[in-house]
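Using the working numbering, the final residue of the sequence shown is 285, and nothing's skipped along the way.
Glycine included, each C-beta is placed from N, C-alpha and C at the ideal position.
Predicted model, so just to flag it, every value in this text is computed and none were measured.
One structure below.
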Amino acid sequence: MKIIDLIKSEKISISCELFPPKKGGELNNALEIVHKIAENGVDYMSVTYGAGGTSSGETAAIAGEIEKCGIPALAHLTCINSTEDKIEKVLVDLKSRGVQNIMALRGDKVPGAVEDPAYKHANELVAKIKTCGDFCIGGACYPEGHPEASGLNEDIEHTRLKIEAGCDFLVSQMVFDNTILYNYMYRLMSKGIFVPVVPGIMPVINARQIARICDLSAISLPPHFRAIVEKFADKPEALKQAGIAYAMGQVVDLIANGFRNVHIYTMNKPELIGAIRSNLSELLK
Numbered sequence: 001m002k003i004i005d006l007i008k009s010e011k012i013s014i015s016c017e018l019f020p021p022k023k024g025g026e027l028n029n030a031l032e033i034v035h036k037i038a039e040n041g042v043d044y045m046s047v048t049y050g051a052g053g054t055s056s057g058e059t060a061a062i063a064g065e066i067e068k069c070g071i072p073a074l075a076h077l078t079c080i081n082s083t084e085d086k087i088e089k090v091l092v093d094l095k096s097r098g099v100q101n102i103m104a105l106r107g108d109k110v111p112g113a114v115e116d117p118a119y120k121h122a123n124e125l126v127a128k129i130k131t132c133g134d135f136c137i138g139g140a141c142y143p144e145g146h147p148e149a150s151g152l153n154e155d156i157e158h159t160r161l162k163i164e165a166g167c168d169f170l171v172s173q174m175v176f177d178n179t180i181l182y183n184y185m186y187r188l189m190s191k192g193i194f195v196p197v198v199p200g201i202m203p204v205i206n207a208r209q210i211a212r213i214c215d216l217s218a219i220s221l222p223p224h225f226r227a228i229v230e231k232f233a234d235k236p237e238a239l240k241q242a243g244i245a246y247a248m249g250q251v252v253d254l255i256a257n258g259f260r261n262v263h264i265y266t267m268n269k270p271e272l273i274g275a276i277r278s279n280l281s282e283l284l285k
């Protein structure tokens, strides 16, 4: 199933993101996580792609397992440290596993890795994917601006290039203040950009981890939520409950304001998506 068809339907959908095991990790454990999450009834799962394509095989294997569970997989694919030949091989592999949806990303540079001058930006990867099969293509967007952009206007223009190249929908970087996302949507519409945007929400369960993520990605924590994180930073189970409750509040607010699709950054924790879906079961009907 193509994810754009799901996004454009009237159904309220909840999706989540997985990441492959780190080098030396167990692929079987990741596949087990797929099945545990599938039991919670998510509408699709995305699978990240290691820096420089270091986990491309695992990404394809996990995406294929997701498809076997009867759930659409959204396989991430990066281009900055790749070559045209490798990109083509990955796409052939994904297609052979029944994967129809690709998340096209520039990716982070890896020192010493081979770079193809044809693929410096995500829009160039989107254009390449369009020539390699009938894939549904997603792209990333950044409500607070990409850390490398000079400002939000410049970042939105980069987003426009991805859409013009053939990107079907966007998934946002995680936000902790829905007002930022709503303002961003108005900015997109003022620039004539109307593709569907799926908000990204992350239940915070680790204070140090979220501090590092916010620092690297230039994401802000609203003061009232920062107080929650600081209050329960040394109480893991309490922070987990508080983080899930806060994320559920965001999801409820998004649905109330017309969003029908929400993407949860679960950090490979099946219990997070399970808690959100079970506690919002009536809203998702």
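So, with DSSP's three-state summary, where would you put residue i?
i	result
E26	coil
E58	helix
E39	coil
N183	helix
T159	helix
F232	coil
P223	helix
G243	helix
L18	strand
N81	coil
C136	strand
Q250	helix
G286	Missing from the structure shown is residue 286; the chain here goes from 1 to 285 and no further.
G200	strand
A287	Here the chain covers residues 1 to 285 and nothing more, so residue 287 does not appear.
L31	helix
N261	strand
N178	helix
S281	coil
C141	strand
I193	coil
A104	strand
S217	helix
V171	strand
So, for residue i: in the same chain, excluding its five sequence neighbours on each side, which residues have a beta-carbon less than 6 Å away from its beta-carbon?
i	result
A149	D155
I228	A242
K191	I156
Taking its Cβ as the centre, do 16 or more other Cβ atoms sit within 10 Å of residue i, making it buried, or is it exposed?
i	result
Y119	buried
T266	buried
D134	exposed
N257	exposed
Q209	exposed
L105	buried
N153	exposed
G107	buried
Y186	exposed
G139	buried
M189	exposed
A238	exposed
E58	buried
E10	exposed
K240	buried
Excluding five sequence neighbours on each side, which residues of the same chain lie with their C-beta closer than 8 Å to the C-beta of residue i?
i	result
N268	L18, F19, A30, I33
L91	L77, I102, I129, C132, G133, F135
I193	I156, T159, R160, I163
S147	Ser is not the amino acid found at residue 147; the sequence shown has Pro there. Correct list, in chain order: L216, S217, A218.
I71	A38, V42, D43, Y44, M45
Below 7 Å CB to CB, which residues in the same chain sit around residue i once its five sequence neighbours on both sides are set aside?
i	result
A61	L27
I255	I12, L283
F259	P199
E65	L31, V34
N40	P270, I273, G274, R277
Y184	P143
L181	P143, S172, V175, P199
Would you mind giving the Cβ-Cβ distance between residue i and residue j, rounded to the nearest angstrom? I have them listed as a contact below 8 Å.
i	j	result
L170	V195	6 Å
P143	S172	6 Å
N44	A73	For the sequence presented, residue 44 should be read as Tyr rather than Asn. Yes, they are in contact, since the Cβ atoms of Y44 and A73 sit about 7 Å apart, within 8 Å.
I201	V262	6 Å
V42	I14	6 Å
I219	M174	6 Å
F225	Y246	6 Å
K109	N81	7 Å
V252	L280	7 Å
A38	C16	Actually they are not in contact, since the Cβ atoms of A38 and C16 sit about 10 Å apart, beyond 8 Å.
* Does the count of Cβ pairs from the region 123 to 130 and the region 156 to 168 closer than 8 Å reach three? -> yes
* Taking one C-beta from the region 79 to 98 and one from the region 2 to 12 each time, how about it: are there three or more such pairs within less than 8 Å? -> no
* Asked: Using 8 Å as the threshold, is the region 211 to 227 in touch with the region 270 to 277, meaning 3 or more CB pairs across them?
  -> no
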